[in-house]
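K.L.:
Before I ask anything, let me first share the structure, which is written out below as structure tokens.
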Amino acid sequence: MKIAILSTNKNLYSTKKLFEAAENRGHECLILDHRKCYVGIKQGQPSIHYNGQDVSDIDAIIPRIGASLTFYGSAIVRQFEVMGVISANPSQAITRSRDKLRCMQILSGAGIGLPVTGFARNTHDVDDLIKMVGGAPLVIKLLEGTQGIGVVLAETKKAASSVIEAFFGLGNNILIQEYIKEARGTDIRVFVVDGKVVGAMKRTAKEGEFRSNLHRGGTAELIKLTKAERETALKAAKELGLTVCGVDMLPSDRGPLVLEVNSSPGLEGIEKATNRDIAAKVIEFVEKQHALKLQSVKNVRKSSGRHKL
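Just so you know, we're using the working numbering here: the sequence shown kicks off at 121 and counts up by one.
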């Protein structure tokens with residue numbers, strides 16, 4: 121196969137590991153900066169160009185779309201899909217998961233455990249919003265934040281009101297969530313590929329920090345999932361339509377609570393914590409999808425030949 125990894129940085133651990141895994145399994149692999157891709161829309165002839173060259177002959181793509189590039193990156197993924205190219209994650213699922221509010225609404229409707237969450241746009245609603253999530257302490261999140269950036273723990277109602285009003289005043293969209301104190305600064309990252317758990321780790325925040333993101337100085341270790349944690353992660357991925365993702369959950373007294381479902385989860389932390397080649401699992405999934413596509417085309421041709429007879 122000819123596989124393209126959509127990534128803005130070829131030196132990132134995840135990008136390099138996926139590239140190596142693809143080449144180790146005998147595939148031709150290239151890295152395309154999706155910011156530099158551009159599309160041609162023509163009746164019956166959709167195309168994608170990169171640095172002046174037509175790259176429409178690609179068999180499969182692995183999107184590594186950053187949050188700030190969701191709109192354009194998803195458009196590029198969608199163009200590849202229109203051309204019949206296999207994608208490790210569907211474009212619609214990427215945009216669905218990236219919208220934190222929409223993601224929460226979908227998971228809530230599916231009966232998946234979540235921290236109690238509030239969303240509003242009017243400063244007059246702040247008191248009731250705080251009450252809705254159980255009062256202080258509470259967590260305030262920017263809808264567009266990633267890697268723990270734009271996440272604030274407000275210890276008191278007064279502090280919460282001040283932060284919320286400040287965010288509103290700057291025109292930011294935010295979520296307000298209950299603080300799960302029994303999690304004690306830990307969360308669980310479950311890596312899901314093709315409806316199966318391929319790795320899981322527990323992340324622990326550094327001293328004095330409540331965010332357990334590895335980018336914020338947190339540490340990671342291998343964890344054995346409970347049945348509830350495994351089922352919750354798989355259901356969350358399925359409901360959002362993601363075939364490759366990282367599901368972040370908090371342990372709580374009422375069971376696992378999903379914080380976020382990441383369509384471009386990093387590989388470094390999970391591979392080092394689990395000592396597993398997660399990148400190879402992603403390539404295996406792409407291979408499987410390619411084989412199914414070839415078989416489908418073969419069946420259609422066979423059927424067409426019988427009709428001619």
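Positions of the beta carbon are idealized from the N, C-alpha and C atoms, including for glycine. Computed from a prediction, not measured in an experiment: that's the story for all the values here.
Would you check if the distance between the CB atom of residue 457 and the CB atom of residue 398 is smaller than 9 Å?
P.N.:
Not covered by the structure: residue 457. The range shown for the chain is 121 to 429.
K.L.:
To the nearest angstrom, report how far apart residue 233 and residue 227 are at their CA atoms.
P.N.:
Start at 1 with the first residue of the sequence shown, and residue 233 comes out as number 113. Start at 1 with the first residue of the sequence shown, and residue 227 comes out as number 107. Their Cα atoms are separated by approximately 8 Å.
K.L.:
Only counting runs of 3 or more residues, tell me where the beta strand (DSSP E) segments fall wholly within the segment 219 to 286, in order along the chain.
P.N.:
258 to 262, 271 to 274, all fully within the segment 219 to 286.
K.L.:
Between residue 168 and residue 247, what straight-line distance do the alpha-carbon atoms span, to the nearest angstrom?
P.N.:
Translated into positions along the sequence shown, residue 168 becomes position 48. Translated into positions along the sequence shown, residue 247 becomes position 127. So the alpha carbons of these two residues sit roughly 50 Å apart.
K.L.:
Return the first residue and the last residue of the alpha helix (DSSP H) that residue 196 is part of.
P.N.:
Within the sequence shown, the letter at position 76 stands for residue 196. Per DSSP, residue 196 belongs to the alpha helix (DSSP H) from 190 to 202.
K.L.:
What is the DSSP secondary structure of residue 169, reduced to helix, strand or coil?
P.N.:
For this step, residue 169 is matched to residue 49 along the sequence shown. Strand at residue 169.
K.L.:
Helix, strand or coil: which one does DSSP assign to residue 323?
P.N.:
On the sequence shown, position 203 is the one that residue 323 refers to. Residue 323: strand per DSSP, three-state reduction.
K.L.:
How would you label residue 414, buried or exposed, when you count the other beta carbons within 10 angstroms and need 16 or more for buried?
P.N.:
Counting from one through the sequence shown, the residue named residue 414 turns up at place 294. Flag for residue 414 reads exposed.
K.L.:
Three-state secondary structure (DSSP) at residue 144?
P.N.:
What you label residue 144 is simply residue 24 of the sequence shown in a count that begins at 1. Helix.
K.L.:
Take every Cβ of the segment 347 to 354, pair it with every Cβ of the segment 392 to 410, and state whether three or more of those distances are shorter than 8 Å.
P.N.:
Because the criterion of three Cβ pairs below 8 Å is not met, the segment 347 to 354 and the segment 392 to 410 do not touch.
K.L.:
Does DSSP put residue 361 in a helix, a strand or coil?
P.N.:
By 1-based counting over the sequence shown, the position of residue 361 is 241. Note: residue 361 maps to coil in three-state DSSP.
K.L.:
Report buried or exposed for residue 164, applying the criterion of at least 16 other Cβ atoms within 10 angstroms of its Cβ.
P.N.:
Walking along the sequence shown from the start, residue 164 turns up at place 44. Counting Cβ neighbours within 10 Å, residue 164 comes out exposed, since fewer than 16 surround it.
K.L.:
Comparing alpha-carbon positions, which option in 312, 401, 185 lies nearest residue 144?
P.N.:
Numbered from its first residue, the sequence shown carries residue 144 at position 24. It is 401 whose Cα lies nearest to the Cα of residue 144.
K.L.:
What are the boundary residues of the beta strand (DSSP E) that residue 160 is part of?
P.N.:
For this step, residue 160 is matched to residue 40 along the sequence shown. Taken as a continuous stretch (DSSP letters only), the beta strand (DSSP E) holding residue 160 covers 157 to 160.
K.L.:
Using a 10 Å radius around the Cβ and a threshold of 16 neighbouring Cβ atoms, would you call residue 286 buried or exposed?
P.N.:
Stepping through the sequence shown from its first residue, residue 286 is reached at position 166. It counts as exposed.
K.L.:
Quick check: the Cα distance between residue 280 and residue 221, rounded to an integer number of angstroms?
P.N.:
For the purposes of this step, residue 280 is identified with residue 160 of the sequence shown, where counting begins at 1. For the purposes of this step, residue 221 is identified with residue 101 of the sequence shown, where counting begins at 1. Between residue 280 and residue 221, the C-alpha separation is close to 20 Å.
K.L.:
Per DSSP, which one or two residues make a beta bridge with residue 317?
P.N.:
Translated into the one-based positions of the sequence shown, residue 317 becomes position 197. In the DSSP output, where bridge partners are listed per residue, residue 317 has 312.
K.L.:
Is the Cβ-Cβ distance between residue 175 and residue 124 less than 9 Å?
P.N.:
Looking up residue 175 in the sequence shown gives position 55. Looking up residue 124 in the sequence shown gives position 4. Cβ distance < 9 Å, so residue 175 and residue 124 count as in contact.
K.L.:
For residue 209, count neighbouring Cβ atoms within 10 angstroms of its own Cβ and tell me buried if that reaches 16, exposed if not.
P.N.:
Residue numbering aside, residue 209 sits at position 89 when the sequence shown is read from its first letter. With 16 or more other Cβ atoms within 10 Å, it is buried.
K.L.:
Rounded to a whole number of angstroms, what is the C-alpha to C-alpha distance between residue 245 and residue 213?
P.N.:
Looking up residue 245 in the sequence shown gives position 125. Looking up residue 213 in the sequence shown gives position 93. Cα-Cα distance, rounded: 32 Å.
K.L.:
By how many angstroms is the C-alpha of residue 275 removed from the C-alpha of residue 202?
P.N.:
For this step, residue 202 is matched to residue 82 along the sequence shown. For this step, residue 275 is matched to residue 155 along the sequence shown. If I take the Cα positions, the gap works out to 49 Å.
K.L.:
Quick check on the DSSP output: what are the complete beta strand (DSSP E) runs of length 3 or more inside the segment 372 to 422, in order along the chain?
P.N.:
As far as the segment 372 to 422 is concerned, its whole beta strand (DSSP E) runs of at least 3 residues are 377 to 382.
K.L.:
Nearest-angstrom Cα distance between residue 296 and residue 410?
P.N.:
As a working mapping, residue 296 is identified with position 176 in the sequence shown. As a working mapping, residue 410 is identified with position 290 in the sequence shown. Straight-line Cα distance between these residues: approximately 42 Å.
K.L.:
According to DSSP, simplified to helix, strand and coil, what is residue 122?
P.N.:
Walking along the sequence shown from the start, residue 122 turns up at place 2. Residue 122 falls in the strand class under three-state DSSP.
K.L.:
DSSP on residue 207, reduced to helix/strand/coil?
P.N.:
Position 87 of the sequence shown, counting from 1, holds the residue named residue 207. Three-state DSSP puts residue 207 in a strand.
K.L.:
Within 10 Å of its beta-carbon, does residue 129 have 16 or more other beta-carbons around it, so buried, or fewer, so exposed?
P.N.:
Mapped onto the sequence shown, residue 129 falls at position 9. With fewer than 16 other Cβ atoms within 10 Å, it is exposed.
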